[in-house]
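Peer 1: For the protein sequence lines, the chains are W and B, in the order given.
Following this note's numbering, the residues of the first sequence are numbered contiguously, the last one being 442.
Following this note's numbering, the residues of the second sequence are numbered contiguously, the last one being 146.
Heads up, the beta-carbon is just placed ideally off N, CA and C, and yes, glycines get one too.
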Amino acid sequence: MNAEIITQAERPADEATLESEHRYKRLLASVTDYVYTVMVEAGRAVATLHGPGCEAVTGYTSEEFETDQALWYRMIREEDRPAVLEQAEHILRGEEPPPLEHRIIHKNGTERWIRNTTVPRKDAQGRLTAYDGLVYDITERKRAEERLTRAHARLKANDAALKRTLEQLKGANQQLKETQLELIQAARLESVGALAAGVAHEVKNPLQTILMGLDYLVPNCPAGNENLRSVLSDMRDAVMRANTIIRGLLQLSAHTDFEMKTEDLNAAVRRALRLVHAQVVAGKVSVVRKLDAHLPRVRVDVGKIEQVFINLFMNALQAMSPGGVLTVTTRAGRLGEDLTLSDAACRPLKRGERVVAAQVQDTGTGIAPANLPKVFDPFFTTKPVGVGTGLGLSVVKKIADLHGGAIDIQNVAPGGVVVTLVLRAEPEEMLSSAKGV
Amino acid sequence: MKPMNTEKKRILVVDDEASITRLLKLNLEQTNEYEVRPENDALAAVAAAEEFKPHLILLDVMMPGLDGGELAARFQANPKLKSVPIVFLTAAATKGEVYARGGKVGGLPFLAKPVELSEVVACLKRLLSG
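#1: Closer than 7 Å, CB to CB, is ARG97(B) near chain W or not?
#2: Quick one: list the residues of chain B neighbouring PRO224(W), beta-carbon separation under 8 Å, in chain order.
#3: Does DSSP put GLU150(W) in a helix, in a strand, or in coil?
#4: Compare the C-beta of ALA64(B) against all C-beta atoms of chain W and say whether one is closer than 7 Å.
#5: Nearest-angstrom Cα distance between GLY341(W) and ALA411(W)?
#6: Let me confirm a value: ASN163(W) is counted as buried when at least 16 other C-beta atoms fall within 10 Å, else exposed. Which label applies?
#7: Which term fits GLN92(W), buried or exposed, when burial requires 16 or more other beta carbons within 10 angstroms of its beta carbon?
#8: Less than 6 Å between C-beta atoms, sequence neighbours within five positions excluded: which residues of the same chain meet that for LEU233(W)?
#9: SER35(B) CB to nearest chain W CB: under 7 Å?
#10: Nearest-angstrom Cα distance between GLY441(W) and THR267(W)?
#11: Mind listing, in chain order, the continuous beta strand (DSSP E) runs of no fewer than 3 residues lying wholly within the region 287-370 of chain W?
#12: Rounded to whole angstroms, what's the CA-CA distance from VAL285(W) to LEU398(W)? Just pull it up for me.
#13: From the DSSP output, in three-state form, read off ARG241(W) for me.
#14: Provide the residue span of the beta strand (DSSP E) that contains LEU139(W), from first to last.
#15: Touch check for the region 83-92 of chain W and the region 107-121 of chain W: three-plus C-beta pairs under 8 Å?
#16: Name, please, each residue of chain W whose Cβ falls closer than 7 Å to the Cβ of PRO130(B).
#17: Mark GLU66(B) as exposed unless 16 or more other C-beta atoms lie within 10 angstroms of its C-beta, in which case mark it buried.
#18: Could you say if the region 37-50 of chain B and the region 210-220 of chain W meet the contact criterion of at least three C-beta pairs nearer than 8 Å?
#19: For ASN232(W), does the three-state DSSP call read helix, strand or coil?
#20: Give the range of the alpha helix (DSSP H) segment to which VAL131(B) is assigned.
#21: So what's MET265(W) in DSSP terms, helix, strand or just coil?
#22: In this structure, does DSSP put ARG53(B) in helix, strand or coil?
#23: In chain W, what lies closer than 8 Å to ASN43(B) by C-beta?
#24: DSSP state of ALA430(W), grouped into three classes?
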C-alpha cells in the first residue's frame with residue numbers, strides 16, 4: 006500500500022503545474038472583487054497597480070492595466086465617468102468619499118456594475134501618498150435590483166389598475182343598487198297601476214251614478230233646507246275627491262297609449278298654467294315665467310306632459326301661502342355641463358346629452374330631507390287629509406320615465422322646492438327637415 | 017204646429033248600468049229640452065235606435081256582449097242611423113285624456129265618467145245646435 010502512495014513531492018513537475026493552473030482558474034472564476042492601488046505624488050495620481058482579481062471582474066489583466074494607464078478610464082461607461090472622476094478628485098484632495106457604484110464595459114463587451122470603495126494612505130505628516138480601491142462586482146445584485154424595480158413598477162401599475170377596477174366595481178355596484186331601487190319603485194308603480202286599471206272602471210260607474218243623483222237632487226232640494234244642501238255639496242266634493250284618486254291611479258297604469266309628437270314644451274307649460282289659473286288666483290300666488298324663447302322641441306305626448314305640469318303646479322300652489330311665487334323656467338343645454346343633476350336623477354339620460362329642462366319652483370316650506378327619497382312613492386303625501394292623493398308626483402315620475410326623461414326634486418334656500426323635468430331634445434337636423442316638409 | 021226650436025231632442029242613452037241611464041233620463045228630461053230613452057242592452061240598441069229615431073246617441077264603451085266601439089260602427093253602418101251623432105260616455109278614459117285628444121276617440125266625441133250634468137248638456141247643445 007505504501008508503495009502506491011504518491012506524495013506531492015513525488016508528483017511529476019508538469020502535473021503539479023497543471024493542477025495549480027487549474028485551481029487558479031477556478032479561484033479566478035469565483036472572484037468577484039479585486040484591489041487596486043493608485044500612487045500619488047504632490048496630489049496627482051502617477052501610477053495605478055491592479056491586483057490579480059481584476060481579470061475576473063474586468064476581463065483585463067494587471068499587465069494590460071499597467072501597459073495602458075488610461076484603460077481603467079476608458080473601461081468606465083461614458084455616462085458614469087464624471088461621477089468616477091469626481092470621486093477621484095475627492096480622494097486626491099485627501100477626503101474620504103463614500104463608495105461609488107458605476108458601470109464598466111467588460112473586455113468581452115458586456116456591461117458590469119461595480120462598487121468602488123477607496124481608502125487613502127497617508128504619511129506621518131498626513132500627506133496623501135496613495136489610495137487603495139476595493140472593487141466589488143455587484144452586477145448580479147444590480148440586476149436583481151433592476152428586476153425588483155421593474156417588478157415594483159409592475160406591481161404599482163397593477164395596483165393602480167386594481168384601484169381603478171375597484172372604483173369601477175364600486176360605481177357599478179352603486180349603479181346596480183340604484184337600478185334595483187328603481188326597479189322596485191317601477192314594480193311598485195306597475196302593481197299599483199295594474200290594480201288601478203282593474204278597479205277604476207268599476208268605481209267610475211258608481212261615481213257617475215252618485216254624481217248624476219246629486220245633479221238630480223240639488224235642483225229638487227226644498228228651498229231653505231240648508232242642511233240638505235250642505236250634505237249634497239259634501240257628497241259632490243267626496244265624489245270629486247274619489248275621482249281624483251281614480252284618475253291618478255289610471256294615470257299610473259296608462260303607459261301604452263302614448264301619442265308621441267314633436268312639441269314645444271313652452272306651449273305645454275302655458276296651457277297647463279292656464280288650466281290652474283283659477284287656483285293661482287284663489288291662492289293669491291304670483292307666477293313668474295322664465296321660458297327660453299329658443300327652446301329645442303321635444304318628442305312627447307303633450308297631454309301627458311301637461312298633466313305633469315298641472316301636477317307640479319298644483320303641488321307648488323298647495324305648498325305656498327298667499328303671496329308665494331311660482332316660478333317656471335325652461336332652458337336647453339347639455340346634461341352635466343349647462344345643467345347639473347345627480348347621476349341618479351339623470352338616469353336614463355347621459356351626461357353631455359342635449360336636453361330640455363323645465364323647472365317648477367315654489368316658495369313654500371320645502372320637504373323634510375328624510376322625506377325627499379319617498380316623494381315619488383304612490384300614496385306618499387305630506388299634505389293634510391283631503392288635500393292631496395299622494396299620487397301627483399308618482400304620476401309625474403311615471404310619465405317622465407315613459408318619456409325616457411328624468412325628474413329631480415330638491416329643496417332650495419331660503420325655502421321651497423324646485424322640481425326639474427329633463428327631456429331629450431329633438432336632434433336639430435330632424436327639426437330642419439321637418440320644417441322643410 | 018210647434019215651432020222647430022221647441023221640439024225636444026231625442027237622446028238614446030246606451031249603458032249597461034241601469035242607474036246611470038235612469039238618472040240621465042231624469043236629469044236631462046228635467047231640463048224640458050230632451051226626451052231620453054234608456055237602453056241597457058247593447059245588443060238591442062240598434063233596434064231601439066231605429067224605433068226611437070234619436071237626434072243623438074250617448075254610448076257607453078265598456079258593456080257586456082257588445083262594446084261601444086263595435087256598436088258605434090253598427091250605428092254608422094245603418095242607413096237610417098248613420099247621420100246620428102254619437103257621443104261616447106266612458107269610464108275607460110280620464111278627463112285629461114279627453115282634453116289631450118281634443119275630446120275625440122276614433123273621430124267621435126267622448127265624455128269621461130264621472131261627468132257632471134252641466135258638461136253633458138253643454139256637449140249635447142254643441143252637437144245639436146246645427
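Peer 2: In short, the structure shows the following:
#1: Your numbering for residue 97(B) matches position 81 in the second sequence. Here residue 97(B) is Leu; the residue named in the question, Arg, does not match the sequence. It does not; no Cβ of chain W falls within 7 Å.
#2: Within the first sequence, numbered from 1, the residue matching residue 224(W) stands at position 219. In chain order: GLN46.
#3: Counting from one through the first sequence, the residue named residue 150(W) turns up at place 145. Three-state DSSP puts GLU150(W) in a helix.
#4: Residue 64(B) sits at position 48 when you count from the first residue of the second sequence. For ALA64(B), the answer is no, since every Cβ of chain W falls outside 7 Å of its Cβ.
#5: Locating residue 341(W) in the first sequence gives position 336, counting from the first residue. Locating residue 411(W) in the first sequence gives position 406, counting from the first residue. Whole-angstrom Cα-Cα distance: 13 Å.
#6: The residue given as residue 163(W) occupies position 158 in the first sequence. So ASN163(W) ends up on the exposed side.
#7: Indexing the first sequence from 1 puts residue 92(W) at position 87. Classification of GLN92(W): buried, given that the 10 Å Cβ count is 16 or more.
#8: Position 228 of the first sequence, counted from the start, is the residue given in the question as residue 233(W). CYS226.
#9: Residue 35(B) sits at position 19 when you count from the first residue of the second sequence. At least one chain W Cβ lies under 7 Å of SER35(B).
#10: Working through the first sequence from its first residue, we reach residue 441(W) at position 436. Working through the first sequence from its first residue, we reach residue 267(W) at position 262. With a pLDDT of 36 at GLY441(W), under the threshold of 50, the predicted position of this residue should be treated as unreliable, and no value is reported.
#11: 291-296, 303-305, 330-339 and 359-366
#12: Residue numbering aside, residue 285(W) sits at position 280 when the first sequence is read from its first letter. Residue numbering aside, residue 398(W) sits at position 393 when the first sequence is read from its first letter. Their Cα atoms are separated by approximately 19 Å.
#13: Taking the first residue of the first sequence as 1, we reach residue 241(W) at position 236. Of the three classes helix, strand and coil, the one that applies to ARG241(W) here is helix, per DSSP.
#14: Within the first sequence, numbered from 1, the residue matching residue 139(W) stands at position 134. LEU139(W) -> beta strand (DSSP E) spans 133-142.
#15: yes
#16: Taking the second sequence and counting its residues from 1, the one referred to as residue 130(B) is at position 114. Chain W residues near PRO130(B): LYS209, LEU212, GLN213, LEU216, VAL244 and ASN248.
#17: Residue mapping note: residue 66(B) aligns to position 50 of the second sequence, counting from 1. Result: exposed.
#18: yes
#19: One-based indexing of the first sequence puts residue 232(W) at position 227. In this structure, ASN232(W) counts as helix in the three-state DSSP scheme.
#20: Mapped onto the second sequence, residue 131(B) falls at position 115. Here VAL131(B) belongs to no alpha helix (DSSP H), and DSSP marks it neither H nor E.
#21: What you label residue 265(W) is simply residue 260 of the first sequence in a count that begins at 1. In the three-state reduction of the DSSP assignment, MET265(W) falls in the coil class.
#22: Residue 53(B) sits at position 37 when you count from the first residue of the second sequence. ARG53(B): strand per DSSP, three-state reduction.
#23: What you label residue 43(B) is simply residue 27 of the second sequence in a count that begins at 1. Simply MET217, ASP220 and TYR221.
#24: Taking the first sequence and counting its residues from 1, the one referred to as residue 430(W) is at position 425. Three-state DSSP puts ALA430(W) in a strand.
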